[in-house]
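K.L.:
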Amino acid sequence: METTLTRDAAYQLVLEKIGRNNLLKHILAVEAGMRAVARKLGEDEDYWGLVGLIHDLDYNETKDDAPRHTYVTQEWLESYGLPDDAWRAIHAHPGHVPCESTLDWALYSVDPTTGFIVACALMHPDKKLAPIDEEFMLRRFKEKRFAAGATRENMAACSRLGLELGEFLIIVKSGMMTITDELGL
107 METTLTRDAA
117 YQLVLEKIGR
127 NNLLKHILAV
137 EAGMRAVARK
147 LGEDEDYWGL
157 VGLIHDLDYN
167 ETKDDAPRHT
177 YVTQEWLESY
187 GLPDDAWRAI
197 HAHPGHVPCE
207 STLDWALYSV
217 DPTTGFIVAC
227 ALMHPDKKLA
237 PIDEEFMLRR
247 FKEKRFAAGA
257 TRENMAACSR
267 LGLELGEFLI
277 IVKSGMMTIT
287 DELGL
């Protein structure tokens with residue numbers, strides 16, 4: 107997709123608006139997860155990764171005003187000419203608009219899944235992603251109180267991508283494994 111927003115420029119904006127903290131780790135995890143899902147589905151990894159990278163750009167400004175979340179980002183990035191489908195996916199991830207496209211469903215599903223996978227890793231004695239397997243993640247998925255903020259309905263929407271939950275969890279984890287140093291996992 108054509109946009110004048112490069113990954114480097116988007117990353118600099120994320121650092122400026124978000125800082126270096128756990129939210130940055132979440133954003134990078136979503137970017138990595140989106141890239142992995144795009145790869146699996148034969149989509150544009152760079153474009154899907156970029157959508158993941160900017161999906162929460164305005165969070166610090168809108169955390170107390172949920173209806174404005176994602177719309178402030180769109181105002182900030184208007185001049186970059188991001189395609190409408192990027193904005194639709196970004197607006198759909200917190201439920202402002204319904205998911206329609208594969209990109210929408212991917213971001214909607216990947217966003218909470220990254221936090222869930224981090225929680226799984228933190229349960230392991232090594233506090234690392236590598237030892238976490240599909241069976242372990244599926245068992246934790248059934249525990250409603252485990253990583254309660256990771257909305258199971260959103261995660262299970264991976265079925266809209268033609269992916270079984272276990273396979274989806276492994277795909278997202280594999281993306282996150284590419285940035286273990288940045289995630290500290």
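According to our numbering, the residues represented by the sequence shown are 107 to 291, in order. All residues carry an ideal CB built from backbone N, CA and C; glycine is no exception.
Identify whether ILE285 lies in helix, strand or coil by the three-state DSSP scheme.
P.N.:
Residue state, collapsed to three classes: coil.
K.L.:
Looking only at its chain, what residues have a beta carbon closer than 7 Å to the beta carbon of THR286, apart from the 5 residues adjacent to it on each side?
P.N.:
Cβ within range, chain order: LEU235.
K.L.:
CB-CB under 7 Å to ILE110, same chain, minus the five flanking residues each way: which ones, in chain order?
P.N.:
Per the sequence shown, residue 110 should be read as Thr rather than Ile. Result list for THR110: TYR186, GLY187, in chain order.
K.L.:
Using the beta-carbon count (16 or more within 10 Å), is MET229 buried or exposed?
P.N.:
Burial call: exposed.
K.L.:
Between the C-alpha atoms of MET140 and GLY158, what's the straight-line distance to the nearest angstrom?
P.N.:
When rounded, the distance between both Cα atoms is 6 Å.
K.L.:
In the DSSP assignment, the alpha helix (DSSP H) including THR257 goes from what residue to what residue?
P.N.:
It is not in any alpha helix (DSSP H) - THR257 carries neither H nor E in the DSSP assignment.
K.L.:
Quick check: what's the CA-CA separation for VAL120 versus ARG126?
P.N.:
If I take the Cα positions, the gap works out to 9 Å.
K.L.:
Do LEU275 and ILE224 come within 8 Å of each other at the CB atom, strictly closer than that value?
P.N.:
The question names Ile, yet the displayed sequence has Val at residue 224. No, Cβ-Cβ distance for VAL224 and LEU275 is not below 8 Å.
K.L.:
From the DSSP output, in three-state form, read off HIS197 for me.
P.N.:
The answer is helix: DSSP assigns HIS197 an H, G or I state.
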